[in-house]
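Chains as they are written, first to last, in my numbering: chain D, 1118 to 1428; chain P, 2 to 287.
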């Protein structure tokens, strides 16, 4: 069964050999997992969030296991975009699978500079814009929680990287995710990925301290899958651009649920921690899962959810 | 219960160099409780079918995720490899939290997902006088170390612990190398242990030997301080909370010192899982 697809963007398309990608922050630069599977069998891999300059990230503890999930407040530790382009990217199989650079910045101008730097990199197929970060110039308000700020980032990145597919990754920590989705679509996004982590917290009763040094962190893993499905369903109805779903996907059946509610492709995140071959196994099992469920035409299956009552 | 020797012909001779970690599903062969009979055990040797690894180094670790973790405990747990033979791999653990609690209920035939061998192990210099310093569960990686060491007469161990000696796999070590153990039971014991560490490290420094340490962080800080004062070569095995074990989640980072070899990574966070868990004592800040 051919599961290849093209995410048809407003400016740039993104071709994927299958709809299984890995989620940013859970798969390193891909190389960390290359002994557990063939990276070229994945539809694509979204690398660890890149910033213009290297970042040291937050103090430890940065991660904590919660029921059916985990919280993280790593603080976007990364080696910076230059090290990625010169040391990591050349070692990735970018001719055989889509390498998607997740980008993170503290201002619109910095986002544009990052996008411009990556626009000329042949090995980068797309940019995923992480708008779930504070805008330092706007008093720390999150870009992704304000429709105007999210749009401003999207159009700046769009203009700075005219040769790349621009995917905007939305936060679920908003009142109306469809509103933000429409706003970034209007600003020129080629596709939308959702969801980023849910803001959460864990505490230690013995020490009476937060479990994370940062106090709060992002919740991911199977615990958030129902929220992610709801968001993807809402966003897919609100926009015309393709939607990439993520949040708690562990199996081929989980992936198909996201396709059913309107996603074109999916990302595997925390699942990579349950077993390091999770994304590889999922991509390999997808055709058999389709067969078991009688899905002969994946294109027709996408977004084919039927429901009775309007919401 | 207890004092079982975790022995068997070692899987292979010690070799320098990295092995490629792989992912496999292993069967539980048995779970042997350690400790005094009559008490509910919190210490266990978990014997698993042998993973398909060609080489490994003592000090390296493995991520284990038993099927009984279900979805509610999503993370695997990192365990220092205790010992590996041609037929099985042994991990040794103390019940400390939800994961190890559930692991204490494993039975023969249960399935465990495993990936490894991971990280950097201890150096082995057959001709150097080598002192192993273990605090509590820090004894575990030294079982494999003394089993693989080609000249065990050059090795000795100092072991500090709080629980009864029968809780730990000491017999698997002292059949190869001499072990001095000190149990911390009353005030003064800790000072005595620290004094003994310092004296033994001083001897090693005079012999230009090697000190390898594994144990709780305060213990490691003490060893690190003495290593710097005495100028003795010393490696420390760190333990941090991990989700992936392969360098991706960035949860387990430790801070490098200004002596870290790569100038770009000095005074920076580095992953304990891939750059460690064993570090040269002067390379990290504890």
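Ideal placement from N, C-alpha and C gives every residue a C-beta, glycine not left out.
What you are looking at is a predicted structure, and each value in this text was computed from that prediction instead of being measured.
| Check | Outcome |
| --- | --- |
| Give the single residue among P:241, P:275, P:276 and P:258 whose Cα lies nearest to the Cα of residue 268 of chain P. | P:258 |
| Given this structure, state the Cα-to-Cα distance separating residue 17 of chain P from residue 236 of chain P, to the nearest angstrom. | Unreliable positioning characterises residue 17 of chain P in this predicted model, as indicated by a pLDDT of 48, which lies under 50. A coordinate reading is not provided. |
| Kindly indicate which residue of P:278, P:260 and P:264 has the alpha-carbon position closest to the one of residue 218 of chain P. | P:278 |
| Could you tell me which chain D residues have their CB closer than 8 Å to the CB of residue 76 of chain P, listed as they occur along the chain? | 1182, 1187, 1390 and 1391 |
| In terms of alpha-carbon separation, which member of P:204, P:207, P:228 and P:206 lies closest to residue 214 of chain P? | P:228 |
| Would residue 1183 of chain D and residue 1385 of chain D be called neighbours here (beta carbons separated by less than 7 Å)? | no |
| Please list, in chain order, the chain D residues whose beta carbon lies closer than 8 Å to that of residue 254 of chain P. | 1174, 1177, 1179 and 1194 |
| Is the beta carbon of residue 157 of chain P sitting closer than 7 Å to the one on residue 119 of chain P? | no |
| Just checking: is the beta-carbon of residue 1158 of chain D within a distance shorter than 7 Å of some beta-carbon in chain P? | no |
| Tell me which same chain residues have a C-beta within less than 6 Å of the C-beta of residue 1206 of chain D, skipping the five on either side of it? | 1240 |
| Indicate whether at least one CB of chain D lies closer than 7 Å to the CB of residue 264 of chain P. | no |
| Whose CA, out of D:1322, D:1126, D:1337 and D:1159, lies closest to the CA of residue 1313 of chain D? | D:1337 |
| Quick one: Cα of residue 245 of chain P to Cα of residue 1372 of chain D, how far? | 22 Å |
| Whole angstroms are fine: how far does the CA of residue 143 of chain P sit from the CA of residue 1448 of chain D? | There is no way to answer for residue 1448 of chain D, as the model of chain D reaches only from 1118 to 1428. |
| Roughly how far, in whole angstroms, is the beta-carbon of residue 255 of chain P from the beta-carbon of residue 224 of chain P, given that I think they are within contact range, below 8 Å? | Between residue 224 of chain P and residue 255 of chain P the Cβ distance is about 15 Å, and since that is not below 8 Å, they are no contact. |
| Figure out for me which residue from D:1175, D:1148, D:1288 and D:1405 has the closest Cα to the Cα of residue 1163 of chain D. | D:1148 |
| On the three-state DSSP scale, how would you describe residue 1327 of chain D? | strand |
| Using DSSP with H/G/I as helix, E/B as strand and the rest coil, what is residue 81 of chain P? | strand |
| Which runs of the alpha helix (DSSP H), 4 residues or longer, sit entirely within the stretch 1260 to 1328 of chain D? | 1264 to 1277 and 1294 to 1303 |
| Taking only three categories from DSSP, how would you classify residue 15 of chain P? | Low local confidence applies: a pLDDT of 47 at residue 15 of chain P is under 50, so the model's placement there is unreliable, with the coordinate-based value given in what follows. Of the three classes helix, strand and coil, the one that applies to residue 15 of chain P here is coil, per DSSP. |
| Terminal residues of the continuous alpha helix (DSSP H) containing residue 221 of chain P? | 218 to 231 |
| Starting from residue 284 of chain P, follow the alpha helix (DSSP H) in both directions and report where the run begins and ends. | First-last for residue 284 of chain P: undefined, no H or E at that position. |
| Would the beta-carbon of residue 1219 of chain D fall within 7 Å of that of residue 1151 of chain D? | no |
| By the three-class DSSP mapping on this structure, what secondary structure does residue 100 of chain P have? | helix |
| Less than 7 Å between the beta carbons of residue 1060 of chain D and residue 1129 of chain D, yes or no? | This structure cannot settle anything about residue 1060 of chain D, because the visible part of chain D is limited to 1118 through 1428. |
| Using beta carbons (cut-off 7 Å, strictly below), is residue 22 of chain P in contact with chain D? | yes |
| Do residue 59 of chain P and residue 145 of chain P count as a contact pair if the criterion is CB distance below 7 Å? | yes |
| Does DSSP put residue 1173 of chain D in a helix, in a strand, or in coil? | coil |
| Taking only beta-carbon positions, decide if residue 1164 of chain D is within less than 7 Å of chain P. | no |
| Would you mind telling me which residues of chain P sit closer than 8 Å to residue 1338 of chain D, beta carbon to beta carbon, in chain order? | 75 |
| Return the residue from the list P:239, P:179, P:34 and P:271 that minimises the CA-CA distance to residue 148 of chain P. | P:179 |
| List the residues of chain P that residue 1394 of chain D touches, going by C-beta distances under 9 Å, in chain order. | 24 and 116 |
| Does the CB of residue 1144 of chain D have a neighbour CB from chain P at under 7 Å? | yes |
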